[in-house]
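Here is the structure we will look at, set down as structure tokens.
Number of protein chains: 2
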Amino acid sequence: METAAMDTLTETKFRTAMRRLTSTIAIVSARGEEDTGVLMTSATSLCMDPPSVLVAVNQKVSAHAAIKASGLFRVNLLHADHIALLEPFSGKMKGAERFQIGSWSFEADGARLTDAVASIGCVADGSLDYGSHTIFVGRVTDVVLGDLEHTLLWREGQSARTDA
Amino acid sequence: METAAMDTLTETKFRTAMRRLTSTIAIVSARGEEDTGVLMTSATSLCMDPPSVLVAVNQKVSAHAAIKASGLFRVNLLHADHIALLEPFSGKMKGAERFQIGSWSFEADGARLTDAVASIGCVADGSLDYGSHTIFVGRVTDVVLGDLEHTLLWREGQSARTDA
Numbered sequence: 214m215e216t217a218a219m220d221t222l223t224e225t226k227f228r229t230a231m232r233r234l235t236s237t238i239a240i241v242s243a244r245g246e247e248d249t250g251v252l253m254t255s256a257t258s259l260c261m262d263p264p265s266v267l268v269a270v271n272q273k274v275s276a277h278a279a280i281k282a283s284g285l286f287r288v289n290l291l292h293a294d295h296i297a298l299l300e301p302f303s304g305k306m307k308g309a310e311r312f313q314i315g316s317w318s319f320e321a322d323g324a325r326l327t328d329a330v331a332s333i334g335c336v337a338d339g340s341l342d343y344g345s346h347t348i349f350v351g352r353v354t355d356v357v358l359g360d361l362e363h364t365l366l367w368r369e370g371q372s373a374r375t376d377a
Numbered sequence: 214m215e216t217a218a219m220d221t222l223t224e225t226k227f228r229t230a231m232r233r234l235t236s237t238i239a240i241v242s243a244r245g246e247e248d249t250g251v252l253m254t255s256a257t258s259l260c261m262d263p264p265s266v267l268v269a270v271n272q273k274v275s276a277h278a279a280i281k282a283s284g285l286f287r288v289n290l291l292h293a294d295h296i297a298l299l300e301p302f303s304g305k306m307k308g309a310e311r312f313q314i315g316s317w318s319f320e321a322d323g324a325r326l327t328d329a330v331a332s333i334g335c336v337a338d339g340s341l342d343y344g345s346h347t348i349f350v351g352r353v354t355d356v357v358l359g360d361l362e363h364t365l366l367w368r369e370g371q372s373a374r375t376d377a
């Protein structure tokens, strides 16, 4: 089962498989030299003992450096109506300018989207570098639940919802 | 931001937040002394360089020992119509008996659900133990795409779909 570089066909099929994987969209925020945040689909629960989540963050984005520096981050689960946040936090805008879109409260562990389905404050309690990304484990320290429960989903390269 | 044990209210809110997080349901399989598999909602893509996924596996389940022993696993993304597989692979059944439900092909890296939305063969290429779980990084070696594209989702403690 030792493998050389993956062939192109397998890589293409993997991209297709990952497009089919439906995920909740989150903005992971952290406070570095300034508040920063990045859109992702990898945020998920890790375990309840201790209560924890994991996120996979590209090593090139500013949120990665901010989490490394502060040891803190926040996972904001987007609501189905948060579509306006997708472009600003997917690299189309940089820096503090992004936080003028949507309603944000600037906490020590990262910006909190005040009408998120849930906003989860975390202490970075472990990490694993792999390829272009780092997996950060977040031990949960704070949870703010929103009034609305339906998360914004991502599949096939576009947003989706379960409550349509 | 040093924290003691999480208070009960925060833990309750965290459970609610995680119930709201919508995820694709996967069966992660591996070949230990016998074929084994476990249902999970944490399987997600990690990065494209190299093509890789991550899964978080409870250290008490047989699939955990099988992955540790073989260094291989397979992620089968369930289709929206695979509801009959949920109970057998969530602990209600043990051992090889489970694989009599659904259509399986027994590969070296783990059982492949032949009509999965996608089945992704992996070499375990890194791991991180945390609390009750281990995060396994899987470097992708093989991808089989199914004809049907809509994955089975999990939210609020029950299955859901985007194509309803």
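Chains as they are written, first to last, in the working numbering: chain A, 214 to 377; chain B, 214 to 377.
Glycine included, each C-beta is placed from N, C-alpha and C at the ideal position.
| Item | Value |
| --- | --- |
| How is Gln313/A classed by DSSP in three states: helix, strand or coil? | helix |
| Taking any Cβ of chain A, which residues in the region 239 to 267 of chain B have a Cβ under 9 Å from it, in chain order? | Ala239, Thr254, Ser255, Ala256, Thr257, Ser258, Leu259, Cys260, Met261, Asp262, Pro263, Pro264, Ser265, Val266, Leu267 |
| Using C-beta distances below 7 Å, list every residue in its chain close to Ser275/A, excluding the 5 sequence neighbours before and after it, in chain order. | Gly245, Thr249 |
| Give the range of the beta strand (DSSP E) segment to which His363/A is assigned. | First-last for His363/A: undefined, no H or E at that position. |
| Please classify Ser332/A as buried or exposed, where buried requires at least 16 neighbouring CB atoms within 10 angstroms. | buried |
| Can you check whether the C-beta of Val353/B is within less than 8 Å of a C-beta belonging to chain A? | yes |
| Over the uninterrupted alpha helix (DSSP H) stretch that includes Ile348/B, give me the two end residues. | Taken as a continuous stretch (DSSP letters only), Ile348/B belongs to no alpha helix (DSSP H), being part of the beta strand (DSSP E) at 346 to 358. |
| Return no unless some Cβ of chain A is closer than 8 Å to the Cβ of Ser303/B. | no |
| Under DSSP, the alpha helix (DSSP H) around Met261/B begins and ends at which residues? | Run containing Met261/B: none in the alpha helix (DSSP H); it sits in the beta strand (DSSP E), 257 to 261. |
| With a threshold of 8 Å between beta carbons, is Arg368/A in contact with chain B? | yes |
| Find the nearest neighbour of Ala269/A within the set Ser318/B, Ser255/B, Ser303/B, Val336/B, judged by alpha-carbon distance. | Ser255/B |
| Between which residues of its own chain and His363/A is the CB-CB distance below 8 Å, once the five residues before and five after are set aside? | His292, Ala293, Val330, Arg374, Thr375, Asp376 |
| Counting only C-beta atoms, is Glu224/B closer than 8 Å to chain A at any point? | yes |
| Could you give the residue range of the beta strand (DSSP E) that holds Leu326/B? | 323 to 326 |
| State yes or no: is the C-beta of Cys335/A within less than 8 Å of the C-beta of Val266/A? | yes |
| Is the beta carbon of Leu366/A sitting closer than 8 Å to the one on Thr235/B? | yes |
| From Val357/A, Ala279/A, Glu224/A, pick the residue whose C-alpha is nearest to that of Gly308/A; which is it? | Ala279/A |
| Looking at chain B, is there any beta carbon in it that lies within less than 8 Å of the beta carbon of Arg233/A? | yes |
| Under a three-way DSSP split, which group does Leu234/A fall into? | coil |
| Taking Arg287/B and Gly323/B to be in contact with their CB atoms under 8 Å, please state how far apart those CB atoms are, rounded to whole angstroms. | 3 Å |
| Tell me which residues of the region 338 to 363 of chain B have at least one Cβ-Cβ distance to chain A shorter than 7 Å, keeping chain order. | Gly339, Leu341, Tyr343, Gly344, Ser345, His346, Ile348, Val350, Val353, Thr354, Asp355, Val356, Leu358, Glu362 |
| Using the rule of at least 16 other Cβ atoms within 10 Å of the residue's Cβ for burial, across every protein chain shown, is Lys226/B buried or exposed? | buried |
| In whole angstroms, give me the CA-to-CA distance for Asp262/B and Ala230/A. | 16 Å |
| Reducing DSSP to helix, strand and coil, say where Thr375/B ends up. | coil |
| Considering only DSSP beta bridges, list what Arg228/A is partnered with. | DSSP lists no partner for Arg228/A. |
| Counting along the chain, where does the beta strand (DSSP E) carrying Ser242/A start and finish? | 239 to 244 |
| Along chain A, in chain order, which residues have C-beta atoms closer than 8 Å to that of Ser372/B? | Here the premise fails: no neighbours, minimum Cβ distance about 10 Å. |
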